[in-house]
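Residue numbers (my numbering): 214 to 423. Just so you know, even glycine gets a beta-carbon here, dropped at the ideal spot from N, CA and C. Before any comments, here is the structure.
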Amino acid sequence: MKQSMYNHYVTTVLFTKKHRRIKILGHHSDLELYRAGRSAAVFRIKNEHKVIKIFYPSFEKTAMEEKLNYEKLHGSPYYPTIYEAGSNYLVMDFIEGKTFFECLAEGIPLTSQHIKDVDNGLNAAREAGLNPSDIHLHNLILTKEGAVRLIDTARFSQEKKCTQWEDLKWAYARYYQRTNFPKKIPRWVMYAVSKLYRFYQYLPVRKEKN
């Protein structure tokens with residue numbers, strides 16, 4: 214069976230693990246590292262408006278779950294299109310824009326319409342039989358045109374109820390929309406809040422919001 218060019222690109226990416234962190238040792242010259250996360254690294258492809266998301270060796274199951282979820286979302290304007298998939302990679306649209314995290318860090322306003330757009334995207338996933346989970350500021354993107362796109366759908370197939378997006382919406386309405394609330398938030402503050410939130414999630418009994 215003839216190997217696709219994308220599959221060939223994947224074989225050139227070398228990972229190593231050091232101190233519990235994955236480090237990229239090398240990759241094809243047609244690839245440019247775009248983002249590296251907990252389970253995968255994303256590379257832009259030279260002369261194409263696409264990216265390859267390559268999952269780390271211990272996350273191949275995650276690659277398959279995300280592939281199946283994106284297939285269920287095929288045709289939705291809120292999610293990228295998948296062009297090819299392998300046991301440890303996905304080839305998809307490159308979505309040019311800023312994550313909601315970057316918007317907050319740089320002072321780019323997030324409007325109530327952007328929040329509604331996220332809700333619409335999540336409702337589209339539910340209508341496709343999925344259970345949107347792990348919705349955070351890094352997997353929500355505001356494009357150059359002002360549209361909202363959602364990425365990283367691997368956990369959309371889990372059965373556990375996730376309240377993360379509802380909690381973010383609560384914080385948006387309670388604090389961000391206040392006229393005196395700063396629209397530019399230091400990254401270290403957001404990372405600290407994220408750590409506190411994760412700790413809060415592990416408490417035996419969560420306190421109700423006032």
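For residue i: DSSP bridge partner residues
i: Thr229; result: Lys236
i: Val255; result: Arg248 and Lys266
i: Gly299; result: DSSP output for Gly299 lists no bridge partner at all.
i: Gly310; result: Thr356
i: Leu363; result: Leu353
i: Met305; result: Val264 and Ile295
Residue burial classification, residue i (beta-carbon count within 10 angstroms, cutoff 16)
i: Leu227; result: exposed
i: Val406; result: exposed
i: Lys266; result: buried
i: Thr366; result: buried
i: Leu335; result: buried
i: Asn260; result: exposed
i: Arg400; result: exposed
i: Ala368; result: Reading off the sequence, residue 368 comes out as Arg, not Ala. Arg368 is buried by the Cβ-count criterion.
i: Phe394; result: exposed
i: Leu246; result: exposed
Straight-line Cα distance separating residue j from residue i
i: Met403; j: Thr312; result: 13 Å
i: His232; j: Thr392; result: 44 Å
i: Phe441; j: Ser252; result: No information on residue 441 is available, as it lies outside the stretch 214 to 423 that the chain covers here.
i: Lys397; j: Glu319; result: 6 Å
i: Glu279; j: Lys357; result: 25 Å
i: Leu244; j: Phe256; result: 6 Å
i: Pro322; j: Trp383; result: 17 Å
i: Ile308; j: Leu238; result: 25 Å
i: Trp378; j: Leu353; result: 11 Å
i: His241; j: Pro293; result: 23 Å
i: Tyr410; j: Thr376; result: 12 Å
i: Met277; j: Tyr283; result: 10 Å
Cβ of residue i within 9 Å of any chain C Cβ
i: Leu244; result: The structure shown contains no chain C, having only a single protein chain.
Whether or not the region 312-327 and the region 350-370 are in contact is what I'm after, with contact meaning three or more pairs of Cβ atoms, one per stretch, closer than 8 Å; do they touch? yes
Taking contact to mean at least 3 C-beta pairs separated by less than 8 Å, is the region 339-358 in contact with the region 382-392? no
Pair every Cβ in the region 217-224 with every Cβ in the region 286-306, then say whether three or more of these pairs are closer than 8 Å. Enough Cβ pairs lie closer than 8 Å, so yes.
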